[in-house]
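For the protein sequence lines, the chains are A and B, in the order given. To get the numbering used here, take the position in the first sequence, counting from 1, and add 228. To get the numbering used here, take the position in the second sequence, counting from 1, and add 9.
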Amino acid sequence: MIVNLKYAAASAISQSARSTHIGLATNTLRENVYFSGVLGRPVLLREALGALRSVVVSDLKFHPKDRPRYRAWLEEQDRRFLSNLSIRSERARQELEGLHEELDGLNRLREKRREAFHQARLRYFQFALENEYEKFFILDPVITVHPDEIFFEAFSRDESSYARLGVPHSHFADAGPFACGTTNIDFSAALADGLERIRGYRAARLALGPMGMAVASQTESGFEVHREKKVELPASWLRGFLQVQSAMTLALTRVAMAPVDLYNICRYLRLHRTRKSPRALRYEMQPGKRVRAVFEPSGHVIELAGIHEGPPSSIRTWGRDRLKVLSRLLPWTRRVGVFLAGFGLPSFYVLDMEGATFTLGLSGWTDNDWTGGARFDLLTRRLAGTAADLTAVYEALRERRVATGSELADATGLGVEACRSAASHLCQLGRAIYDLSRRAYRHRDLFFDPFTAQEAAAAVKPAVAEKGPEAKAAREMFEAERVRVIARRPVTTGFKLSGSARGASGPRVRPLLHVDHEGRIIEASCTCAQFKSHALTKGPCEHVLGLRLAHMQRLEEEDSKGGLEPA
Amino acid sequence: MLPHVRLFNPGGPDRIAVLRAEPAWPSEERFMLLVSRGASRTKLGKAVLLGPFDRAELDGRMREEEAALRNEGFLPAGLEAMTSALKAGTARARALAAQRLGWRRETDAVPALVAAFAVAGFERSSILDALGLIGDARAVPLARQEAEKKLLSRRRSGVEALRNLGDTEGLAQARARALERLPAALHQALSQADTPIGPALSALSARDLGLALDTLYETGTERAEAAVKAALTTVEIEGPHVWRYVKSIFKRSVLRRDAGVFGLLAYRIERTARKSEGTEAELKSGLDGVTRKSPVFRHRTQLYMMRLSWRHLRRLARYRPDLYAATAAEILVHYRPSDASEPSGLSGSLASCHLLHQILRGRSPRFELVRSSLSFRHRGKKTTAHSETREESFPDLWDASPRAFVRLLAGARLWEVHEFALSAVKRAHRHAVEAAEPRDLVAFLSAPHEGTVELGLEELNRRFDPASPDLELLTALAEDGRPRVRDLALQWLEVSAPVWSTSAGILIRLLGAKDAVVRDAVARLASPELAAAGPALRDELAHQISRILLQPEGEPGAHDGFALVATQALMPELLPLLPMEHLIVLLASGSTGARSVAGALLGWHAEALDSIGLARLAQLGSHEVASLRGSVRSLLRRALPALMADPSPLFTLVESDWPDSREFAIGLLREELAPRLGRETALGFLDSSRKDVQALGRDLLFRDLGALDGATAAKIVARLAQHPQSGVRRIAVEVLLSRRAEEITLSEDVIGLLRSILFDPKSDRMSRTGALSILHAAGVRDGENARAAAALLGDFAGTEGKHDFELVITSLAAIRLAFPGIPSPLQLLAGEAP
C-alpha cells in the first residue's frame, strides 16, 4: 500500500531562554487537524514522545549476521577444490599449497590493514540503510485530536509493538481552539533529537498544524510543499496495526502493577541477559494472592503489587526485552495495568502518568508479528450485522469521538451487543480504536479515505461469508449441523460451553469455550490436532469457532424469546 | 633470400636469361653472380660467373647486368605472356592477366593495358586497378574518366587508381563528388573538425549505412577512415544493404594496401561466416538497375572471401614482401579468446580460424585444410603435440619485418598469437622491442600473456632513468587507467620525484590524472619538493592551480590533487591570487578541493576576521570542510582579546558536530577564558547533550560550589534535574550532597530529580546511594521533608536491589522513628525490637 504524505513545513523545535515552541507539522493531504496549548509538564511529554519514538524505530527481530568474509572464504575454498581437481602431479599440488599459504598470509595482512576502512564502510551503510528506511518505509506517527485528549499512535518497524500516548487536555494550559481529527505528523530523527532539549523551566507550547514551526506561505493550490514522501507500507504492517485493535477488544486478563514492579522487571532485564531460550515472562495468578512474574528460564520471581481476584491461571509471554522502552517513563508512572490475552497471545501495558497514558501493545513474541499467524479478529465477536448498522455506529462515534458501547447504543438505537460488535468491526477497519484505559471506543480514521457505504458493505460481508479458512470451515460445519452444544452454563463473565464438532474430515472432537457477554472468546480448548500444536497462538480452531456460532444462534433464539439473564 | 631474376627475349636466339646469386664458398658474406642464357629454360648453356661481391655490391651489379640484358631485347619473364593474355578470348582471362601485371607493376605493360582498356568489357575495372598499381601517369585520364562513373565498381577503380597514381587534382574532384553524395548530417560532421562522425553514422538507417560508409571511405581523409574503421567493428556486415558496400570497402582496402581496414574486414568476414548463413533479399543491381532476389553473404561467398583474403596475403608475400608481415599482423590482432571453440576430435580450439591458421601454421605439417569449410584439423593424433619448429607461413618475411612482432605484442588478445610473437622476439628480434614506441610498451602490460607483460615491464624499466626520466612516458603511464600500469607509474613517480616536480606542465598534468591514487601520490611526493623549489616554479604553479580551482570541476575529485599541493606547499603564493571575494565564492560554490583550499587560505588572510565577523566565523567552525575549520580555529585564536570580552561565539562552537572544533572551543574556554565565565554559562554548558561540554560545565560550576547560597543551589538543582541524561542528574545530586543537610529541602523539583534517579534502571549505584542519603538526611530533619521522603521511599521500597532496599528501609525506619505520625509503608512493631 502506498501512503502519500505531504508536509507544508518541517516539524521542529525552537528555543529561547524562556520558552520552547514545539511545532508538529501535519499531513496536508488529510483533514485539517490543529491544536495549540502550553504544556503543563513538558518533561513528561518529552519522555513520553521519546518512548514513542523508541517504539517506532525498534526492531528486535532476529537478524542473522551477514558474514561476507566467511562467504568469501567459503567460495575461495570451493574454487581451490575445483582447481585442484585438475592437478595430477603431487609436486605441483604441494607447490600450489605453499603458494596458497603465502597468499593467505598476504591476504590476512591486507585485511588487517583495511579493517578500519571496512568498519567505516559498514557504519556508513548502516547509517544509509536506517535513514533511507526511515524515509521510505516508516509511517510517521498518527496523531488524533479528541475533545478530551490528543493521542499519538505508532507501530514498530518490526511490526511487533504498538504504542499509544494519550495526553488529556488538562495537561495543557492556555489551549487555543482545536479541530478534532486524525493526521500524521512529520516526526524525523532530528525532531527526536530536538525533543531532548525540552526543559521544564522553559514554557513549552505545543502547536499542531499544517505549518508546524514555519510561517510558510499558502499558495493558491494549497500549502507549499516542504517535504513529501510516499511510504510503501507493507501490507503486513497495516494488517498488524489493525489486528492490535482486534486484540485490544478481546477479553483480557488484567494485572495491576506498581511502578517499582516494572522498574524491577526492567532492571532485571538490563542486568541479566539470557542467552538460552525460551526467554519468557510468565505471569502466575492465584486468587487472593499477589501476582508473580517469573522470568524463564532462570526462574527468577518478582512479586507484583496487584492482588489477583480471578480464577487461577498462568500466562506466558515472550519478547520481554521490548518492555525496556518503558524504562524512561518509570519516574512519571503512578500506576501500571497489564492486560494479558493468553498463552503466547498479545499483552498490553498501560502506564498511567499523572493523567497521561502510555499504552504499549506487544505481540505474542517478537518474531510473531501481529499478522504472522494469530487472527485476533476471529477471537472477537462475530455478530451478523448490516452495513447500515455499521455506518450508524461509525457516524455516532465520529460525532462523539469517544463513547462506550452503551453510549453508542443510546445514540444509534441499536442494541448494546450490536453496537459493540460494530465498534469492534470498525476497529478492525482502522476507523476506531479501543481505549484500554477508559474502556471506551474512540473514533480514529487511520487513513483519509472517507468511510463509505461500500466499505461498510464489504466489511460486514465476511460475517456472512467467512474468508479465513478456519472461519469458513466453521461456517460450513455449523450449517451442516456437525456442531452440537453439549453443555452451556451461564457464569458471571459470560458463558461456558462444551460441545462436540466434526470437521469435513477427521474425527469428532470436543471443543470447550468460555465467551463473555459480547461473544468474545476468553478461553478455549479443543482436542483437535491444531489446538494441541498451537493452542490459540494461531487463532482459534474451526471447532471452537463452530461451537461459538452454535452458541450465538442459541443466543439469538433466546433473545427473540425474551432473553436469558446471565448468572 | 638471394635475388633471382628471369628474363625472356621473344626475338633473340637466346630466349631465356637468368641472373642468380650464389654464396662464394667458403665465405657466407660474399656472393658470386651467375649470368646464364640459352634457347630455353633447360638449355642455359652460356654462363658467366662474376664476383665475389659483398651484399651491397651484389645488388648494384645485378641491376647493371639486368639493364645490359634488357638493352639486348630481354624482357622480364612472363611479361610477354601476360601482355598477350590481355587479348585472350574471355574477360576473366584478360582480367587475371591485368591483375598480375598490376601486382608486378610492369611499366612496360602500360601501353598494352591502355590499349586493352579502350576495348575492355567487364575487365575494365581490373585493367584500371592494374594501371593504378603500376603508377604510370599515362593512366591518369582513364582513371579520371572512370572516377566520374555512377556504377560503383567502375567509380571505385577510378578513384583508387587516382589515389595510387598520386593525381591529387583528380582525387580532389572525386572527393568533392563523394561529399555531395553523403547524407547532409554526415557531410556536416565531416566538414567540422570538432564534430564527431560516429553519432551521424549511428543515426543512419541500415539501408543507408553501407553506402555512406563506402562513400566515406572513398573520401580517404584520416578522420573518415578512422570513423569507417570504428563503424566496421560493430556494424552487421552480412546485412542485405550493407554487405555489397562492405565488400567494396574490402576491395578498396586491398587496392590501397590499407592493412588496418583489410585486417579488420578479413577477420570480421571470417568471424561472421562462422555464425551466419547469409540471407536472400530483393536487391537492385547496380549493373542493370533490375531488382531481383539475390543471395547475400551465403556460404559460397563466405568461402570465396576467406580464400580471397589469404590470396591477397600470399600475393603481398610474393610481390610486396615488405608489406606481408604488417598486414598479417593487422589480421592477427583482432582474434579474441571468444573465437576459440570446444576442441572436437582432430579439430583444435582454433580450427575454424582460417586466416590465423594460414598465417601462424601455414607451413605446419601437423595440420590439413578442410576445403569445404576452410577449417584446419590435425592430420592425426600424433600431430596434436606442440611443435618446436617454426610453422608460420613466410618466416623470412616475418624476420624481415620485426616491427610486426611489436604490433602483435601490443595489440593481440589471443594467447597463441603472443606466444608466436614472444618466441620470435626472444629468438632474434629483441632489438624490435628495444626500438618500440613507449605507447606500445605500455600496451604490453595489458596483454593476456604473462611473458609479454614481463617483457614490457623489463623494457620499460630498462629505459627508465630516475635521473632523467622520459616525462612523456611517465605521464602516459600515470594517465593510463589500468592498475598494473598505474603501479609501475607510482614506482617511477616515487624514485624520480625530484625531476618531474621541477616541470610545472608535467605537474599540472599529473595532478589532474583521472586516478585518485595517482593524484594523491603526486601531491604527496611533489609537496616536499616544491617547498624547496625556486620561486618561479612555485609562482607559475600557483597561477595555474588558482585558475583551475576557480573553474568548475570536470569530474568529482578532479581538483583534489591540486588542492592537496596548494594547501601543503603553495599557500604563500596563492594568497595574493585568491583574494577574500574569491574565497567566499569558492566556499559557497566551489568543488570540495577548491573549498578546502579556500578554507585553508582564509586563515592566511589578515582581513578575514574583520570581514567575516566573530559570530559568522564561529558558525563556519562547524563547516564540513576540515581545512576551513582549521582556518577558523587559527583565526579565533588570533581573536582571543575579542573573545575575552565576549566569549559567546565559542558557545556555538562547543555544540559543533565536529570533534575538532568542539575540542578547540572547549580547550580555549577551559584554558584561556575560564575566569571570565560565570555560573549561568556553566549551567548552559551543563544543558548540552554532549558529555565533553557537560564536563566543562561541571568544572566551571564546581569552582565555587562552596560559595553558593541555599536558594541558588536549589535553582541550580532544579535546572539540572530537568536534563534527560543521567550524568547531569548525577551532577545535581553532587550539588545537593555538597550542601549541609539543613539546607536541603525536598521541593517538587528535588523529589522529581530523586525519583528520576531511583526509577531509572540505568542509573549508577553512586547516584542512587546519593539520592537515598539525601532523602534520609532531609527526611529526618522536619515534618514536610519527612512526608515527601517517606512517600518516595515507600514507592521505591519494593526494589529488588539489596543495597538500595537496605538504605530505603534504614531511611524509612529513621523517618518513622523521628516522625511517627507521618504515613509510612514501614510499620514498627512495638516490643519486638532486639
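We treat Cβ as the ideally placed atom computed from N, Cα and C, and that holds for glycine.
Task: Per-residue DSSP class, three states only, for Ser135 (chain B) - done: Translated into positions along the second sequence, residue 135 (chain B) becomes position 126. In this structure, Ser135 (chain B) counts as helix in the three-state DSSP scheme.
Task: Helix, strand or coil at Asp655 (chain B) according to DSSP, with G and I counted as helix - done: Translated into the one-based positions of the second sequence, residue 655 (chain B) becomes position 646. Of the three classes helix, strand and coil, the one that applies to Asp655 (chain B) here is coil, per DSSP.
Task: Short Cβ contact (8 angstroms threshold) for Val531 (chain B) with Leu520 (chain B) - done: The residue given as residue 531 (chain B) occupies position 522 in the second sequence. The residue given as residue 520 (chain B) occupies position 511 in the second sequence. In contact: Val531 (chain B) and Leu520 (chain B) (Cβ atoms closer than 8 angstroms).
Open item on the list: By the DSSP assignment, the beta strand (DSSP E) with Glu381 (chain A) in it spans what residues?
Closed with: To locate residue 381 (chain A), count along the first sequence from 1; it is residue 153. First-last of the beta strand (DSSP E) with Glu381 (chain A): Glu377 to Phe383.
Task: CB-CB length for Val462 (chain B) against Leu454 (chain B), believed under 8 angstroms - done: Your numbering for residue 462 (chain B) matches position 453 in the second sequence. Your numbering for residue 454 (chain B) matches position 445 in the second sequence. About 6 angstroms separates the two Cβ atoms, so the contact holds.
TODO: Show which residues of chain A have a CB atom less than 7 angstroms away from the CB atom of Pro770 (chain B).
DONE: Mapped onto the second sequence, residue 770 (chain B) falls at position 761. Here the neighbours are Tyr491, Cys494, Arg495, Arg498 and Ser555.
Open item on the list: Can you check whether the C-beta of Glu809 (chain B) is within less than 8 angstroms of a C-beta belonging to chain A?
Closed with: Residue mapping note: residue 809 (chain B) aligns to position 800 of the second sequence, counting from 1. By this cut-off, Glu809 (chain B) is an interface position.
- [ ] Verify whether the separation of the beta carbon atoms of Leu623 (chain B) and Pro658 (chain B) is less than 8 angstroms.
- [x] Here residue 623 (chain B) refers to the residue found at position 614 of the second sequence. Here residue 658 (chain B) refers to the residue found at position 649 of the second sequence. Yes, they are a contact pair.
- [ ] Give the interface partners of Gln731 (chain B) over in chain A, defined as CB-CB distance under 7 angstroms, in chain order.
- [x] Taking the first residue of the second sequence as position 1, residue 731 (chain B) is located at position 722. Neighbours of Gln731 (chain B) on chain A, chain order: Val271, Arg427, Gly428 and Tyr429.
Task: Proximal residues to Gly736 (chain B) (C-beta, below 7 angstroms), its chain only, five neighbours per side dropped - done: Position 727 of the second sequence holds residue 736 (chain B). Excluding positions up to five away in sequence, the list reads Lys700 and Gln703.
- [ ] Quick one: grab the DSSP three-state call for Arg308 (chain A).
- [x] Position 80 of the first sequence, counted from the start, is the residue given in the question as residue 308 (chain A). Helix at Arg308 (chain A).
- [ ] Taking all protein chains shown into account, decide if Gln180 (chain A) is buried (16 or more other Cβ within 10 angstroms of its Cβ) or exposed.
- [x] There is simply no residue 180 (chain A) to check, as chain A begins at 229 and stops at 795 in what is shown.
- [ ] Return helix, strand or coil for Ser526 (chain A), following the three-state DSSP convention.
- [x] Within the first sequence, residue 526 (chain A) is the residue found at index 298, counting from 1. Three-state DSSP puts Ser526 (chain A) in coil, outside helix and strand.
TODO: Check distances from the C-beta atoms of the segment 698-713 of chain B to those of chain A and list, in chain order, the residues that come in under 8 angstroms.
DONE: Ser698
Task: Inter-residue spacing [alpha-carbon to alpha-carbon] between Gly87 (chain B) and Asp117 (chain B) - done: Counted from its first residue, the second sequence places residue 87 (chain B) at position 78. Counted from its first residue, the second sequence places residue 117 (chain B) at position 108. So the two alpha carbons sit approximately 12 angstroms from each other.
Open item on the list: Can you tell me which residues form a DSSP beta bridge with Pro85 (chain B)?
Closed with: Stepping through the second sequence from its first residue, residue 85 (chain B) is reached at position 76. According to DSSP, Pro85 (chain B) bridges with B:Leu16.
Open item on the list: Looking at the secondary structure, which residues open and close the beta strand (DSSP E) in which Lys293 (chain B) lies?
Closed with: Within the second sequence, residue 293 (chain B) is the residue found at index 284, counting from 1. Lys293 (chain B) -> beta strand (DSSP E) spans Thr288 to Lys293.
- [ ] Report the option in A:Cys494, A:Gly527 and A:Glu531 whose CA atom is closest to the CA atom of Leu842 (chain A).
- [x] The structure shown does not extend to residue 842 (chain A), since chain A is modelled only from 229 through 795, so no value can be given for it.
- [ ] Ignore the nearest five residues each way along the sequence and tell me which others in Val472 (chain A)'s own chain have a CB closer than 8 angstroms to its CB.
- [x] In the first sequence, the residue the question calls residue 472 (chain A) occupies position 244. Closer than 8 angstroms at the Cβ level, and outside the excluded window around Val472 (chain A), lie Phe383, Tyr390, Pro574, Gly589 and Trp598.
TODO: Kindly identify the DSSP beta-bridge partner or partners of Arg349 (chain A).
DONE: By 1-based counting over the first sequence, the position of residue 349 (chain A) is 121. Arg349 (chain A) is not bridged to any residue.
TODO: May I have the straight-line CA-CA distance separating Leu233 (chain A) from Leu350 (chain A), to the nearest angstrom?
DONE: Against the first sequence, residue 233 (chain A) aligns to sequence position 5. Against the first sequence, residue 350 (chain A) aligns to sequence position 122. Straight-line Cα distance between these residues: approximately 31 angstroms.
Open item on the list: With a threshold of 7 angstroms on Cβ separation, who are the neighbours of Asp376 (chain A) within its own chain once the five nearest residues in sequence on each side are excluded?
Closed with: Within the first sequence, the letter at position 148 stands for residue 376 (chain A). Contacts found: Pro396, His397 and Val630.
- [ ] Using only alpha-carbon positions, find the residue among B:Asp813, B:Leu816 and B:Ala750 that is nearest to Arg790 (chain B).
- [x] Mapped onto the second sequence, residue 790 (chain B) falls at position 781. The option with the nearest alpha carbon to Arg790 (chain B) is B:Ala750.
Task: Buried or exposed by the 16-neighbour rule on C-beta atoms within 10 Å, applied to Gly570 (chain B) - done: Here residue 570 (chain B) corresponds to residue number 561 of the second sequence, with the count starting at 1. Classification of Gly570 (chain B): buried, given that the 10 Å Cβ count is 16 or more.
Task: Residue from B:Glu680, B:Arg796 and B:Thr92 whose Cα sits closest to the Cα of Leu826 (chain B) - done: Locating residue 826 (chain B) in the second sequence gives position 817, where the first residue counts as 1. The residue with the shortest Cα to Cα distance from Leu826 (chain B) is B:Arg796.
Task: Straight-line gap, Val606 (chain B) to Leu579 (chain B) (C-alpha atoms, nearest Å) - done: For this step, residue 606 (chain B) is matched to residue 597 along the second sequence. For this step, residue 579 (chain B) is matched to residue 570 along the second sequence. Looking at the two C-alpha atoms, the distance is approximately 10 angstroms.
- [ ] Give, in chain order, every residue of the segment 657-682 of chain B whose Cβ lies closer than 8 angstroms to some Cβ of chain A.
- [x] none
Open item on the list: So with CB distances below 7 angstroms, who are the chain A contacts of Phe805 (chain B)?
Closed with: For the purposes of this step, residue 805 (chain B) is taken as residue 796 along the second sequence, with counting starting at 1. Near Phe805 (chain B) (Cβ distances below 7 angstroms), the residues of chain A are Val488.
Task: Span of the alpha helix (DSSP H), counted from its first residue to its last, around Phe759 (chain A) - done: Indexing the first sequence from 1 puts residue 759 (chain A) at position 531. Looking at the DSSP string, the run of the alpha helix (DSSP H) that includes Phe759 (chain A) is Ala757 to His762.
Open item on the list: Please return the same chain residues whose Cβ sits closer than 7 angstroms to the Cβ of Phe523 (chain A), not counting the five positions on each side in sequence.
Closed with: Numbered from its first residue, the first sequence carries residue 523 (chain A) at position 295. Contacts found: Tyr496 and Leu509.
Task: Candidates B:Glu549, B:Ala798, B:Pro205 and B:Arg307, of which the one nearest Lys284 (chain B) by Cα - done: To locate residue 284 (chain B), count along the second sequence from 1; it is residue 275. Looking at the Cα atoms, B:Arg307 is the closest of the given residues.
- [ ] Can you tell me which of the three DSSP states Val553 (chain A) falls into?
- [x] Position 325 of the first sequence, counted from the start, is the residue given in the question as residue 553 (chain A). Here Val553 (chain A) sits in helix by DSSP.
Task: Whole alpha helix (DSSP H) elements within the segment 62-130 of chain B, 4-residue minimum - done: 64-80, 88-94, 100-113 and 119-128
- [ ] Output the residue ranges of the alpha helix (DSSP H) runs that lie fully inside the segment 703-751 of chain B and measure 4 residues or longer, sorted by chain position.
- [x] 719-729 and 735-746
Task: Residue burial classification, Arg495 (chain B) (beta-carbon count within 10 angstroms, cutoff 16) - done: Walking along the second sequence from the start, residue 495 (chain B) turns up at place 486. Looking at its Cβ environment, which holds 16 or more other Cβ atoms inside 10 Å, Arg495 (chain B) is buried.
TODO: Could you name the residues of the same chain whose beta carbon sits closer than 7 angstroms to that of Met485 (chain A), not counting the 5 residues immediately before and after it, in chain order?
DONE: Working through the first sequence from its first residue, we reach residue 485 (chain A) at position 257. Correct list, in chain order: Leu532, Ala533, Gly534, Val564 and Val566.
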